[in-house]
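Protein chains in written order, with our numbering: chain A, 1 to 258; chain B, 259 to 495; chain C, 496 to 730; chain D, 731 to 975; chain E, 976 to 1220.
Below is one structure; the comments refer to it alone.
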Amino acid sequence: ADEASSDSGVRKIKVAYDQASKPISWLDENGNATGYDVEVMKLVDELLPDYEFEYVGTTNEDLLIGVTQGKYHVGVKNAFWTEERTKKFIYPEEFLGLSSTGLVLKKENEHIKTLEQFASENMTLAPIAANNAQYTVIDEYNKANPDNPVKLQAGDAFSVDVIQWVNEGRVDGGVSIEGPFEKQVLAEDGPYHNLVDEVVYNEFAVIKTWPLFNKEEQKFADAYDEAIKKLKEDKKLNELMKQFYGRDLFEVLEKVER
Amino acid sequence: MSSQLDFEFLIDTFFVALSGVPIALLITVVAMTIALPLGFLLALTRINRLPILSQFSSVYVSFVRGTPVIVQIFIIYNSVPILLEEIFQKYDVGMKVYDVNPIWYAFIVFSLNTTAILIEVFRSAISTVSKGQLEAAMAVGLTTLQAFRRIIIPQTLVVALPNICTATVNLIKATSLGYAMSLHEITLRAQVAANPGYNYVEAYIDIFLVYLIICSLVEFLFKLYEKRLSKYKLVIA
Amino acid sequence: MEKYFDASYLWGAFPMLIPYLKVTFWVVILTVLFGTLLGFMLAAMKVGNSKIARKIANGYTTVLRCTPSIVLLFLVYYGVPALISNIGIDINDWDKIFFVVLTFTLQFGAIMSEVIRSAYESIDKGQFEAAVSVGLSNKQAYWRIVVPQAFVVALPNFGNALLELMKEGSLAYTIGLIDVMGKANLIIAGNYNSHALEIYIAISIIYWILSIAIEQFFSLLEKLFSKGKQVIKSV
Amino acid sequence: MLQIKNIHKSFGKNQILKGVDVQIEKGDVTVILGPSGSGKTTFLRCINFLERADEGEIKVDNIETSFNKARKKDILAIRKKTAFVFQNYSLFNNKTALGNVTEGLVVGRKIPKAKAIEIGKQALDKVGLSDKYDAYPSQLSGGQQQRVGIARAIAVNPDIILFDEPTSALDPELVGEVLEVMRTLANEGKTMLVVTHEMSFARDVANKVIFMDDGVIVEEGTPDEIFAAPKEVRTQQFLKRILRD
Amino acid sequence: MLQIKNIHKSFGKNQILKGVDVQIEKGDVTVILGPSGSGKTTFLRCINFLERADEGEIKVDNIETSFNKARKKDILAIRKKTAFVFQNYSLFNNKTALGNVTEGLVVGRKIPKAKAIEIGKQALDKVGLSDKYDAYPSQLSGGQQQRVGIARAIAVNPDIILFDEPTSALDPELVGEVLEVMRTLANEGKTMLVVTHEMSFARDVANKVIFMDDGVIVEEGTPDEIFAAPKEVRTQQFLKRILRD
Ligand SMILES: Nc1ncnc2c1ncn2[C@@H]1O[C@H](COP(=O)(O)OP(=O)(O)OP(=O)(O)O)[C@@H](O)[C@H]1O
Ligand SMILES: Nc1ncnc2c1ncn2[C@@H]1O[C@H](COP(=O)(O)OP(=O)(O)OP(=O)(O)O)[C@@H](O)[C@H]1O
Ligand SMILES: [Mg+2]
Ligand SMILES: [Mg+2]
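In structure tokens:
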């Protein structure tokens, strides 16, 4: 796939993104790729005259397989870092974004702020799609706290509407990232704004997210690092974060553990 | 396929996926046990155009056959509990809807689906058995039920078996949709294992192997049975 | 219930979904065309005299039927370009619909081959004999006498396979080809996974209407072709 | 024994049976003659409820019912008292010759398997098929199939046997044999209703001959009456053509 | 016209035909007699390649080939020169009576549709089915089906017609009519090979009678020779039983 360069010396790069992960990345009504991750990549593209990005919307599984196989050169999907994954992908030096992860709870359980508390109160958790980063977070917590684990279940992203489930009492809590919660419940025009007094979001971690590069794309990954460093210095990412997540997570960067 | 396969993971996860086989087979067996007789009976009601039943079964078939299983799962899984909960509350039933093991939903969804498929399979197969066979059976004093069990069904099965086999294999594969209900069957187990290291290529190879093995086994059994049942037949050479 | 259910999402979904039926239709039509042809070839191999051909066709059917569609889709999407790149052609950039149709054609062919074989074998041998005895060639005897009768037997199972295909077509979404089902998923994602129930109800209504239309068409065909047939009616 | 009154049967607009009355006593051997398409098969089928007649009454032994109102129980009871030999054999495709014969015994009449097999073999022997117990219908010649059909009917030892052209596919030698079997049955006092074109059988064995045409009984009487002095023109014509050979 | 040498055919271990030779000249009407299961149907089926004989040669007109080596082209050519009337009718279930008859004309012999329909109607008229053109086999009585089968065979105007018990399901009146049709065909110089149990037909129309038993030809000759003075014991037995009636 490396030979895909054209005569002008500008190399075509296929950027795969999860097309159904609003507000991180999605395919909008007009058929355009957008979202925090995608917009960042667009800025990166602007800074790299030798590369020309093409955005390919797809699903999680295909993105991961496609990047592994070299069909796509890089993929963005709100991916977290794990040791094992570095065997399959190149993680660059510089992270792409930050993700606030938290528990969605009923108002009456507002006092629960951490996974430890959640686990010790023996509460039930909405299933999380197995390919979702949140699954890994909980899973890692459980491995670290074998005597006080959270009841973790794998499920499907589409069949589990976390806010609904919590509100119905079908489960006690669900893991969510902040962006969607913000847009669904807190925003005036959010579809679940009517539940604004019923459910709460309690952040328990902010985590760095990364683009995944195909194993043979070290050179490209280096170029990315250069570009994104510049973007961070120019505070470009803070703006995007505000735009898509309604909050600048860089403010809590020093507390981020991973 | 190029790139470095993680063979250790491949092998470990194969057994992880394999451990999902019992649940997949359990759903398959339950659904088939319900769908085979029910499908046959409803097929008869359609052939005979029994007034209410045949209309009911045709609406039922068109819906269940026509809409994606995942959608059906979603609708049942998300709306039935809400409805039940309300009913339970109203009548003070001391049972928690959400404690119901999701496998029950799987039984229901897959039985309904397979029944719809089998109605059509049987409808075509029954029509290939000549009317004279039923008449002859009744003439020697068999009841309709006996005639069907001993004469019509064995001949129907020969024609239906290849398609029942397809339905069964499809069903086994479709149980993977159980992930939507957090059922720990083959696909979900493999995917969960794949997530920490993003070993999706390996996971799908394992999924592939496991389904290939169980489905070919099932197919083999069907072929054997078909051979046994059809020994009376002369086919167009 | 009213608290959760907002019908405006349901109605709003239709105009967004319907344009994507086009993709669904194309996938289904192309697959049925090529897949049925493939099915015929395989069925012919299965009932033919050549032992090797029979083995190949049976093996093919087993493998293809037993492979989950999503795995097959990945195999085709990644494997076929890899294979073809060996002869120096890069098809990575071909439209995704090509890979989707290829995937389903391979699978549909396997399923249809069994539908066709079982229908064919259900026709009494005497029918073929009578046809050749009045001077029809084997081919004519098949096409004029055996096939029309087998066709009626195959129809319900063909209908099963077709509807199955229509639904499976949504898998195309996995590699980013968006049909109605894919669009439904996008809409739900666009709503941050909320109100999925309403969207799913909308999509099932669309599918239901389609399936009724297909069934009506099939029962018309059945009526047309089953003239002269007497079927079992339990008294 | 068997009494049928005013039976009517139409297929669509075609009236096939237009009010036929028949009365058969125990031990009677009744032969039905008539041209092709006159409704003979349909008549027999209606008796056995394989076809639902539109109108009329039937009485078999002590069971009395009307054709259009008969309940399941009555129908089954009537079928248990009768046996049917089909014009086109209608053997069970999925059973061997012996299986065909024993089916009605084991399943329909709950006779122990071993006993049924014994009876079945005897019946097959009677029609000269001792060497074909295990052959499937598709492996039998036409005549052999027809004989299995006859064996199947006599094995259940019914009160009345309905024969629909039981010798049509047989060579003359076998016709003789099968008629011999039927003659024996007649002598044993079995009641039989036989559609046949075998005049010699009609003449020698039957004690009653019915001539049917176009859905009605044109004439009936003893063989002597019918063959020697038919009253109706239609009967005379029919017989003249037959007996010419 | 038709010459068959040393034909052998087994089903599994059962040898059904054990070396049969037959020579038929143009215009011959040959009748094959023989007990049930003796291999008559199998023999006819082999001639038409509906069954592949294991051994032997066949010559039809100018086509000469061996049974086990015959190529597709030869088989089709032989089939075009012959027509077959099946013992169990084997009508096309999906065609009307008229459709059954015209199929071989329109498709097999490329006769224009209108012409074919005309010929087809004539053929059906000949066997007395003028009112059943549009009936499907399932709506016809046994005898009617058999007559459609005969009409189907004569309509294609073949060089040789192979009849497998063409009158078995017919009532005597019709038997007479059908035999009349066959007699006419014979007078027109049509070559026919007929398996039948109709002795009168064999005596009056055939110019050659073959008596087959257990897969071999026991005796052959003119009707006079066979009926008046059969040489073989087996033939004598067979005839004695038949002619007793
Ligand atoms: N299912 C049917 N639908 C329409 N017409 C039918 C059906 N079955 C029989 N018939 C018609 O009913 C008439 C009587 O048929 P039936 O079989 O009783 O005659 P049959 O006297 O037994 O004649 P054969 O001696 O030729 O067997 C025939 O004209 C036939 O075409
Ligand atoms: N497909 C088959 N498999 C095994 N045996 C068969 C098969 N077809 C015919 N036979 C046997 O071959 C023998 C000859 O059959 P065939 O049909 O030629 O007899 P036939 O002389 O025409 O008798 P009939 O007068 O009763 O029609 C019979 O014993 C029959 O059981
Ligand atoms: Mg009849
Ligand atoms: Mg025969």
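We treat Cβ as the ideally placed atom computed from N, Cα and C, and that holds for glycine.
Is residue i buried or exposed, if buried means 16 or more other CB atoms sit within 10 Å of its CB?
i: histidine 73 of chain A; result: buried
i: serine 5 of chain A; result: Only weak support exists for where serine 5 of chain A lies, its pLDDT of 45 falling under 50; the coordinates are left without a value.
i: proline 1147 of chain E; result: buried
i: tyrosine 245 of chain A; result: buried
i: proline 326 of chain B; result: buried
i: aspartate 1109 of chain E; result: exposed
i: proline 280 of chain B; result: exposed
i: serine 1105 of chain E; result: exposed
i: proline 1010 of chain E; result: buried
i: alanine 495 of chain B; result: Per-residue confidence for alanine 495 of chain B stands at a pLDDT of 44, beneath the threshold of 50, marking its modelled position as unreliable; the derived number appears in the next sentence. Flag for alanine 495 of chain B reads exposed.
Can we count residue i as close to ligand 1, meaning its CB is less than 8 Å from some heavy atom?
i: asparagine 1063 of chain E; result: no
i: methionine 661 of chain C; result: no
i: lysine 770 of chain D; result: yes
i: valine 1114 of chain E; result: Checking the sequence shown, residue 1114 of chain E turns out to be glutamine, not valine. Glutamine 1114 of chain E Cβ: within cutoff of ligand 1.
i: lysine 591 of chain C; result: no
Taking 8 Å as the line, does the beta carbon of residue i fall inside it for any heavy atom of ligand 4?
i: aspartate 1139 of chain E; result: yes
i: threonine 325 of chain B; result: no
i: glycine 858 of chain D; result: no
i: glycine 872 of chain D; result: yes
Could you please give the first and the last residue of the uninterrupted alpha helix (DSSP H) stretch that includes residue i?
i: valine 575 of chain C; result: 575-580
i: glutamine 1097 of chain E; result: 1088-1101
i: lysine 591 of chain C; result: 591-616
i: aspartate 62 of chain A; result: 60-69
Closer than 8 Å: is that where the CB of residue i sits relative to any heavy atom of ligand 2?
i: leucine 854 of chain D; result: no
i: alanine 865 of chain D; result: yes
i: methionine 1187 of chain E; result: yes
i: aspartate 270 of chain B; result: no
i: isoleucine 991 of chain E; result: yes
i: leucine 1168 of chain E; result: no
i: proline 1262 of chain E; result: Any answer about residue 1262 of chain E is impossible in this case: the structure gives chain E only from 976 up to 1220.
So the beta strand (DSSP E) residue i belongs to, where does it begin and stop?
i: glutamate 907 of chain D; result: Taken as a continuous stretch (DSSP letters only), glutamate 907 of chain D belongs to no beta strand (DSSP E), being part of the alpha helix (DSSP H) at 902-917.
i: proline 563 of chain C; result: Note, proline 563 of chain C: premise wrong, no beta strand (DSSP E); not H, not E.
i: leucine 283 of chain B; result: Segment 279-305 is the alpha helix (DSSP H) holding leucine 283 of chain B; no beta strand (DSSP E) there.
Chain-ordered residues of the segment 401-421 of chain B with a beta carbon less than 7 Å from chain D
Thr401, Gln404, Arg408, Ile409, Pro412 and Gln413
Chain B contacts made by the segment 121-132 of chain A, where a contact means CB separation under 7 Å
Pro127, Ala130 and Asn131
Against chain C: residues of the segment 40-66 of chain A by CB proximity under 8 Å:
Val56, Gly57, Thr58, Thr59, Glu61, Asp62, Ile65 and Gly66
Report yes or no: do the segment 150-165 of chain A and the segment 128-137 of chain A share at least 3 C-beta pairs separated by less than 8 Å?
yes
Got a sec: which bits of the segment 452-471 of chain B sit with their beta carbon under 8 Å from any beta carbon on chain A, in order along the chain?
Ala452, Asn453, Pro454, Gly455, Tyr456, Asn457, Tyr458, Val459 and Tyr462
Contact set between the segment 539-571 of chain C and chain B, restricted to residues whose Cβ is under 9 Å from the partner:
Val542, Asn544, Asn553, Thr556, Thr557, Val558, Arg560, Cys561, Thr562, Pro563, Ser564, Ile565, Val566, Leu567, Phe569 and Leu570
Selection of the segment 796-812 of chain D by Cβ proximity to chain B, strictly under 9 Å
Lys802, Ile805, Leu806, Arg809, Lys810, Lys811 and Thr812
Listed in chain order, which residues of the segment 664-686 of chain C have Cβ atoms closer than 9 Å to some Cβ of chain B?
With the criterion set as a beta carbon lying under 9 Å from some beta carbon of chain B, the members of the segment 664-686 of chain C are Ser665, Met676 and Ala679, in sequence order.
Give a yes or no on contact between the segment 426-443 of chain B and the segment 63-70 of chain A, applying the rule of three or more CB pairs nearer than 8 Å.
no
Listed in chain order, which residues of the segment 822-852 of chain D have Cβ atoms closer than 8 Å to some Cβ of chain E?
none
Using 8 Å as the cut-off, can you tell me whether the segment 809-820 of chain D makes contact with the segment 872-891 of chain D, which would need three or more C-beta pairs spanning the two stretches below that distance?
yes
Three or more beta-carbon pairs under 8 Å between the segment 793-806 of chain D and the segment 362-374 of chain B, yes or no?
no
Residues in the segment 312-329 of chain B having any Cβ partner in chain C nearer than 7 Å:
Ser320, Phe321, Arg323, Gly324, Thr325, Pro326 and Val329
With 7 Å as the limit, tell me which residues of the segment 1007-1034 of chain E have their beta carbon closer than that to any beta carbon of chain C; keep them in chain order.
Asn1023 and Leu1025
Does the segment 733-740 of chain D come close enough to the segment 778-788 of chain D that 3 or more CB-CB pairs lie under 8 Å?
yes
Using a beta-carbon distance cut-off of less than 7 Å, what residues from the segment 634-645 of chain C approach chain E?
Cβ contacts with chain E: Gln635, Arg639, Ile640, Pro643 and Gln644.
Closer than 8 Å, Cβ to Cβ, to anything on chain D: give me those residues from the segment 1147-1170 of chain E, in chain order.
Pro1147, Glu1148, Leu1149, Val1150 and Gly1151
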